[in-house]
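> Supplied in structure tokens, the structure appears directly below.
Protein chains: 2
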Amino acid sequence: MIVPRLIERKRDGGQLTSGEIHELVTAYADDKVPDYQMAALLMAIYFNGLDRAEMNALMEAMLESGERLDFSRLPLPRIDKHSTGGVGDKTSLILAPLIASLGVAVPMMSGRGLGHTGGTLDKLESIPGFRTGLSLAEAQKQVAEIGCAMLGQTEEIVPADRKLYALRDATATVEVIPLIAASIMSKKVAESLTGLVLDIKRGSGSFLPHLEDELELARAMIDLGVRHACPVVALLTAMDRPLGEACGNALEVAEAIDVLKGGGPPDLIEVTMALGAEMLVLAGTATTREAARAIMRDAIISGRALEKFEEVIAAQGGEARVVRDPSRLPQSALQKQFGAPRAGIVQTVDPRAIGHGVISLGGGRTRMEDTVDPSVGFVISAKPGARVEKGQRLADVHAQDEKGITAGIAILESAIAIGDSAPASLPLISHRVTAKGVEEL
Amino acid sequence: MIVPRLIERKRDGGQLTSGEIHELVTAYADDKVPDYQMAALLMAIYFNGLDRAEMNALMEAMLESGERLDFSRLPLPRIDKHSTGGVGDKTSLILAPLIASLGVAVPMMSGRGLGHTGGTLDKLESIPGFRTGLSLAEAQKQVAEIGCAMLGQTEEIVPADRKLYALRDATATVEVIPLIAASIMSKKVAESLTGLVLDIKRGSGSFLPHLEDELELARAMIDLGVRHACPVVALLTAMDRPLGEACGNALEVAEAIDVLKGGGPPDLIEVTMALGAEMLVLAGTATTREAARAIMRDAIISGRALEKFEEVIAAQGGEARVVRDPSRLPQSALQKQFGAPRAGIVQTVDPRAIGHGVISLGGGRTRMEDTVDPSVGFVISAKPGARVEKGQRLADVHAQDEKGITAGIAILESAIAIGDSAPASLPLISHRVTAKGVEEL
Numbered sequence: 003m004i005v006p007r008l009i010e011r012k013r014d015g016g017q018l019t020s021g022e023i024h025e026l027v028t029a030y031a032d033d034k035v036p037d038y039q040m041a042a043l044l045m046a047i048y049f050n051g052l053d054r055a056e057m058n059a060l061m062e063a064m065l066e067s068g069e070r071l072d073f074s075r076l077p078l079p080r081i082d083k084h085s086t087g088g089v090g091d092k093t094s095l096i097l098a099p100l101i102a103s104l105g106v107a108v109p110m111m112s113g114r115g116l117g118h119t120g121g122t123l124d125k126l127e128s129i130p131g132f133r134t135g136l137s138l139a140e141a142q143k144q145v146a147e148i149g150c151a152m153l154g155q156t157e158e159i160v161p162a163d164r165k166l167y168a169l170r171d172a173t174a175t176v177e178v179i180p181l182i183a184a185s186i187m188s189k190k191v192a193e194s195l196t197g198l199v200l201d202i203k204r205g206s207g208s209f210l211p212h213l214e215d216e217l218e219l220a221r222a223m224i225d226l227g228v229r230h231a232c233p234v235v236a237l238l239t240a241m242d243r244p245l246g247e248a249c250g251n252a253l254e255v256a257e258a259i260d261v262l263k264g265g266g267p268p269d270l271i272e273v274t275m276a277l278g279a280e281m282l283v284l285a286g287t288a289t290t291r292e293a294a295r296a297i298m299r300d301a302i303i304s305g306r307a308l309e310k311f312e313e314v315i316a317a318q319g320g321e322a323r324v325v326r327d328p329s330r331l332p333q334s335a336l337q338k339q340f341g342a343p344r345a346g347i348v349q350t351v352d353p354r355a356i357g358h359g360v361i362s363l364g365g366g367r368t369r370m371e372d373t374v375d376p377s378v379g380f381v382i383s384a385k386p387g388a389r390v391e392k393g394q395r396l397a398d399v400h401a402q403d404e405k406g407i408t409a410g411i412a413i414l415e416s417a418i419a420i421g422d423s424a425p426a427s428l429p430l431i432s433h434r435v436t437a438k439g440v441e442e443l
Numbered sequence: 003m004i005v006p007r008l009i010e011r012k013r014d015g016g017q018l019t020s021g022e023i024h025e026l027v028t029a030y031a032d033d034k035v036p037d038y039q040m041a042a043l044l045m046a047i048y049f050n051g052l053d054r055a056e057m058n059a060l061m062e063a064m065l066e067s068g069e070r071l072d073f074s075r076l077p078l079p080r081i082d083k084h085s086t087g088g089v090g091d092k093t094s095l096i097l098a099p100l101i102a103s104l105g106v107a108v109p110m111m112s113g114r115g116l117g118h119t120g121g122t123l124d125k126l127e128s129i130p131g132f133r134t135g136l137s138l139a140e141a142q143k144q145v146a147e148i149g150c151a152m153l154g155q156t157e158e159i160v161p162a163d164r165k166l167y168a169l170r171d172a173t174a175t176v177e178v179i180p181l182i183a184a185s186i187m188s189k190k191v192a193e194s195l196t197g198l199v200l201d202i203k204r205g206s207g208s209f210l211p212h213l214e215d216e217l218e219l220a221r222a223m224i225d226l227g228v229r230h231a232c233p234v235v236a237l238l239t240a241m242d243r244p245l246g247e248a249c250g251n252a253l254e255v256a257e258a259i260d261v262l263k264g265g266g267p268p269d270l271i272e273v274t275m276a277l278g279a280e281m282l283v284l285a286g287t288a289t290t291r292e293a294a295r296a297i298m299r300d301a302i303i304s305g306r307a308l309e310k311f312e313e314v315i316a317a318q319g320g321e322a323r324v325v326r327d328p329s330r331l332p333q334s335a336l337q338k339q340f341g342a343p344r345a346g347i348v349q350t351v352d353p354r355a356i357g358h359g360v361i362s363l364g365g366g367r368t369r370m371e372d373t374v375d376p377s378v379g380f381v382i383s384a385k386p387g388a389r390v391e392k393g394q395r396l397a398d399v400h401a402q403d404e405k406g407i408t409a410g411i412a413i414l415e416s417a418i419a420i421g422d423s424a425p426a427s428l429p430l431i432s433h434r435v436t437a438k439g440v441e442e443l
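And the structure:
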């Protein structure tokens, strides 16, 4: 293998063979190919892409660089949900216990906040004592015992992906659909899933700005899933405004608990139910999405979903009492209402401004070594299209001091626009993509 | 400076400011920007290019990373000649002493063989004792004393270019016109030239396969020259066959001496005179190219050019007697004639096959640490278009053993094609490019 010749071929629009990709990724994971050659290849891939066979070879090579969860003795369907990242998106916190309470194993591997988006691990860690750093063996055992574990990507899983991702982040080669698809799917196949539901975010708060890219990502991941006995269903959902009301780690856990108790904001409930219905149909627990919704409603009304969340929290060392008494979650020192500066119709609630705002209040990281304040953030009841009176409460800022409150109000002022006409918002759930094709909803 | 943002901007087709390029290259030369980020940027530049201002900023940043020759107290014009690399091209060996013998300083910095092409340093080192590794101070002193020094790129000159070039070589980002132009011109401006003549090779044996690319390289280097008080004139010359007859280090030195004595093959004489005439006009030594040719002929006939070559060789520790007695140059143990396998018209003499052939006989490197056998190579009198009889001597192989002779004959058999019609060869000198524009010759 002469690496510059492989880079050259991809640079000139040619294809790499599966054998070449496998040898290259394996050598890279073993530190035998230098970062600079891989960086040049990644940029060539940015321009010239990878075809389906190349993408699959990349995914398999990354998968083989590490261990997998072993569920060969677990007779349950195993379903995970993955989102491309958003603001206010706490559906994972709801779906993991909800779906696990219905006899489906949910080995959920999540990430931390990235860019302006929040991360499930950061949210879970706002529960006092909650430990997300499970080993592969601990996760396997917990899934076998209580049907669910919520953990971070361990050292053992797809190390080549971790190394490649860090390089992509440093070389402006993150936004490449086949690389994104192979990266996500390598982790999901390593979880030994029997099905995956994908939530692809659309709009100003999402990573992929064009519908065609979002559909292509869905198709690419579905293709990889088909090749590895892991059927994938993707929903395209709106991220031109935050999902639900709470934005900030502990605030989002509290809102997730609300939904598990039968409450919560309608948009959050609808996206959660739509994703959950796909999970249950993939699991074979329900034959139709309508039936799946009914089963989920029962699990919520009966309290079983909430109990499962308590069980997961307790199993991972967290204070399970937060579920019954969310006031035990970290609380910010100060809260302040934000009223509408004028009467009119809410035009936009900018998710990037809100996401970056949470970080600037201390609720996220600008560097990996930053510590996160779980209590701060926003609760924004205003939604685009809502008619509001002057002074009407649109949101609350949660901050630790007056400086934070002032900053938070300024962020809301710039993020929430009020006008006079009906705004053009994206439909909450616009497309459903399966191996059979794309349905516009 | 956030490097991934700069990579991203270039990736997306934007421009980098001169300040950004300067900061980036300076940090890279100081090992403060990692190779992998530079590699990703280089590949983005491969796809999206650099405009003239970016290219100039890159050149200036590389220039400022090191030292320059200081000729502030030398009242002579200083002219160099640079070729993009070919097979059988020994014009530098002739021009340096010839032009220096006419009162023009020639601080000539050359390279080693690269790919299938030969290198002036390797050729000079076939002269017993010749030392090409002059320091900057030694080169300056020698140019002041005898008007000419022939040296390799020193450690002190444009270290950023050396580091970048090694990275480009390992990441398939060599063939990028603004990077080539900035790399060459950074070295030439560091030589403190008052003019530069560029020999851009065309055809199957050249690095740039398309005429438009060759003209663009000429224009780019002319533009950089204009910005740094170093006027550049470029000639586009044929490299669809070797230049002259000798291909191999000592064989080429012998042929260069032939030309300095008034002999040598007509094509080599013509290219040398054309390049030399441009050098003398740039120097102000002659007002027209015709007058310059007459002056050069005088320098050859009078023996002054040859004496200057003896002087340069002696100054750099070499055995100057090779000039009067070329049999003192290294000789191969065996020589063998190659006769035409059939009657007809010579169609092609493939320069890449011949260049790689010299390497395979031991006359070049496949790895940097290889030692070069100066004596081996080919002397090929056959030129495309020549009518030959069966068995007529077309070439000689110079090799150290029977195995080398057999290999050399096989190389000639595959490199020299004989047919029946007149071949389509490139004109020996096809274009002349100056700041005023392109003249087709």
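Protein chains in written order, with this note's numbering: chain A, 3 to 443; chain B, 3 to 443. A virtual CB, placed ideally from N, CA and C, is assigned to each residue, including glycine. Since this is a predicted model, take the numbers as computed values, not measurements.
1. Determine the burial state of Val160 (chain A): buried for a count of at least 16 other Cβ atoms within 10 Å of its Cβ, exposed for fewer.
2. Tell me which residues of the segment 30 to 48 of chain A have at least one Cβ-Cβ distance to chain B shorter than 9 Å, keeping chain order.
3. To which residues of the same chain is His118 (chain A) closer than 6 Å at the C-beta, ignoring the five residues directly before and after it?
4. Hey, quick one: how far does the beta strand (DSSP E) through Pro109 (chain B) stretch, first residue to last?
5. So what does DSSP say about Ile382 (chain B), is it helix, strand or coil?
6. Measure from the C-beta of Ala342 (chain A) to each C-beta in chain B and report whether the shortest distance is under 8 Å.
7. Where are the beta strand (DSSP E) runs, 3 residues long or more, that stay fully inside the segment 300 to 341 of chain B, in chain order?
8. For Ala222 (chain B), which residues of its own chain have a beta-carbon under 7 Å away from its beta-carbon, when the five flanking residues on both sides are left out?
9. With DSSP run on the structure shown, which of helix, strand or coil describes Leu213 (chain A)?
10. Taking its Cβ as the centre, do 16 or more other Cβ atoms sit within 10 Å of Ile418 (chain B), making it buried, or is it exposed?
11. Below 7 Å on C-beta distance, what does Ala174 (chain B) contact in chain A?
12. Can you tell me whether Met3 (chain B) is buried or exposed, with buried defined as 16 or more other CB within 10 angstroms of its CB?
13. Classify Gly365 (chain B) as helix, strand or coil using the three-state DSSP reduction.
14. According to DSSP, is Arg75 (chain B) part of a helix, a strand, or is it coil?
15. Excluding the 5 residues flanking Glu158 (chain B) on each side, which residues of the same chain have their C-beta closer than 8 Å to its C-beta?
16. Could you check what DSSP says for His358 (chain A) in three-state terms: helix, strand or coil?
17. Flag this pair as touching only if the segment 216 to 232 of chain B and the segment 249 to 259 of chain B have three or more C-beta atom pairs under 8 Å; answer yes or no.
18. State the start and end residues of the unbroken alpha helix (DSSP H) segment that holds Gly448 (chain A).
19. Just verifying my parser: in three-state terms, what is the DSSP assignment at Asp201 (chain B)?
20. Is the distance from the Cβ of Leu76 (chain B) to the Cβ of Met298 (chain B) below 8 Å?
21. Would you call Glu127 (chain B) buried or exposed, if buried means 16 or more other Cβ atoms sit within 10 Å of its Cβ?
22. Using a Cβ-Cβ cut-off of 6 Å (strictly less than) and excluding sequence neighbours within five positions of Met187 (chain A), which residues of its own chain qualify?
23. Tell me, please, whether the segment 232 to 239 of chain B touches the segment 413 to 427 of chain B by the rule of three or more beta-carbon pairs shorter than 8 Å.
24. Would you verify that the beta carbon of Leu60 (chain B) is, or is not, closer than 8 Å to some beta carbon of chain A?
25. In chain A, which residues lie with their C-beta within 7 Å of the C-beta of Leu169 (chain B)?
26. Going straight from the alpha carbon of Ala397 (chain B) to that of Gly379 (chain B), what length do you get?
27. Using C-beta distances below 6 Å, list every residue in its chain close to Gly113 (chain A), excluding the 5 sequence neighbours before and after it, in chain order.
28. If you draw a straight line from the alpha carbon of Leu363 (chain A) to that of Ser208 (chain B), how long is it in whole angstroms?
29. May I have the straight-line CA-CA distance separating Val228 (chain B) from Asp53 (chain B), to the nearest angstrom?
30. On the premise that Gly365 (chain B) lies in contact with Val2 (chain B), defined as a C-beta separation below 8 Å, what is that separation, rounded to the nearest angstrom?
31. Would you kindly work out how many angstroms separate the C-alpha atoms of Gln39 (chain B) and Ala276 (chain A), rounded to a whole number?
32. On the criterion of 16 or more Cβ atoms from any shown chain inside 10 Å, does Val145 (chain B) qualify as buried, or is it exposed?
33. In the DSSP assignment, find the beta strand (DSSP E) that holds Thr274 (chain B) and state where it starts and stops.
34. Can His24 (chain A) and Leu198 (chain A) be called in contact, C-beta distance under 8 Å?
35. Of the choices A:Gln337, A:Glu10, A:Ile407, whose alpha-carbon is the least far from that of Ala172 (chain B)?
36. So within the segment 208 to 262 of chain B, which uninterrupted alpha helix (DSSP H) runs reach at least 4 residues, ignoring any that extend past its ends?
By the coordinates alone:
1. By the Cβ-count criterion, Val160 (chain A) is buried, with 16 or more other Cβ atoms from all chains shown falling within 10 Å of its own Cβ.
2. Residues of the segment 30 to 48 of chain A with a C-beta less than 9 Å from any C-beta of chain B: Pro36, Asp37, Tyr38, Gln39, Met40, Ala41, Ala42, Leu43, Leu44, Met45, Ala46, Tyr48, listed in chain order.
3. The beta carbon of His118 (chain A) is closer than 6 Å to those of Arg354, Gly357, His358 in its chain, skipping five residues each way along the sequence.
4. Note, Pro109 (chain B): beta strand (DSSP E), 108 to 112.
5. When DSSP states are grouped into helix, strand and coil, Ile382 (chain B) belongs to the strand group.
6. For Ala342 (chain A), no Cβ of chain B is located within less than 8 Å of the residue's own Cβ.
7. Taking 3 residues as the shortest admissible run, the segment 300 to 341 of chain B contains the following complete beta strand (DSSP E) segments, listed from N- to C-terminal end: 336 to 341.
8. Answer for Ala222 (chain B): Met57, Ile179, Pro180, Ala183, listed in chain order.
9. Collapsing the DSSP output to three states places Leu213 (chain A) in a helix.
10. By the neighbour-count rule (16 or more Cβ atoms within 10 Å), Ile418 (chain B) is buried.
11. Within 7 Å Cβ-Cβ: Pro6, Ile9, Glu10, Arg13, Ala42.
12. Exposed: under 16 other Cβ atoms inside 10 Å.
13. The answer is helix: DSSP assigns Gly365 (chain B) an H, G or I state.
14. DSSP, reduced to helix, strand and coil, places Arg75 (chain B) outside both helices and strands of the structure shown, so it counts as coil.
15. Closer than 8 Å at Cβ, skipping near neighbours: Gly68, Glu69, Ser137, Leu138.
16. In the structure shown, His358 (chain A) sits in a helix (DSSP, three-state: H, G or I).
17. With the rule of 3 Cβ pairs closer than 8 Å, the segment 216 to 232 of chain B does not count as touching the segment 249 to 259 of chain B.
18. Lying outside 3 to 443, the shown extent of chain A, residue 448 (chain A) is not represented and no answer is given.
19. Note: Asp201 (chain B) maps to strand in three-state DSSP.
20. If you check the CB distance, Leu76 (chain B) and Met298 (chain B) do not come in under 8 Å.
21. Buried.
22. Excluding sequence positions up to five before and after Met187 (chain A), its CB lies within less than 6 Å of the CB of Met61, Met223, Leu226, all in the same chain and listed in chain order.
23. Flag = no, the segment 232 to 239 of chain B and the segment 413 to 427 of chain B do not touch.
24. So, not an interface residue.
25. Going along chain A in sequence order, the residues near Leu169 (chain B) (Cβ under 7 Å) are Tyr38.
26. Taking the straight line from one Cα to the other gives about 10 Å.
27. Cβ within range, chain order: Gly121.
28. For Leu363 (chain A) and Ser208 (chain B), the distance between alpha carbons rounds to 60 Å.
29. Cα atoms of Val228 (chain B) and Asp53 (chain B): separation of roughly 16 Å, rounded to the nearest angstrom.
30. Because chain B in this structure spans residues 3 to 443, residue 2 (chain B) falls outside the shown range and cannot be described.
31. Distance between the alpha carbons of Gln39 (chain B) and Ala276 (chain A) is about 41 Å.
32. The Cβ neighbour count for Val145 (chain B), taken over all protein chains shown within 10 Å, is at least 16; the residue is labelled buried.
33. Element bounds for Thr274 (chain B): not the beta strand (DSSP E) but the alpha helix (DSSP H), 268 to 285.
34. No.
35. Ala172 (chain B) has its Cα closest to that of A:Glu10, out of A:Gln337, A:Glu10, A:Ile407.
36. The alpha helix (DSSP H) runs of length 4 or more contained entirely in the segment 208 to 262 of chain B are, from start to end of the chain, 213 to 229, 251 to 262.
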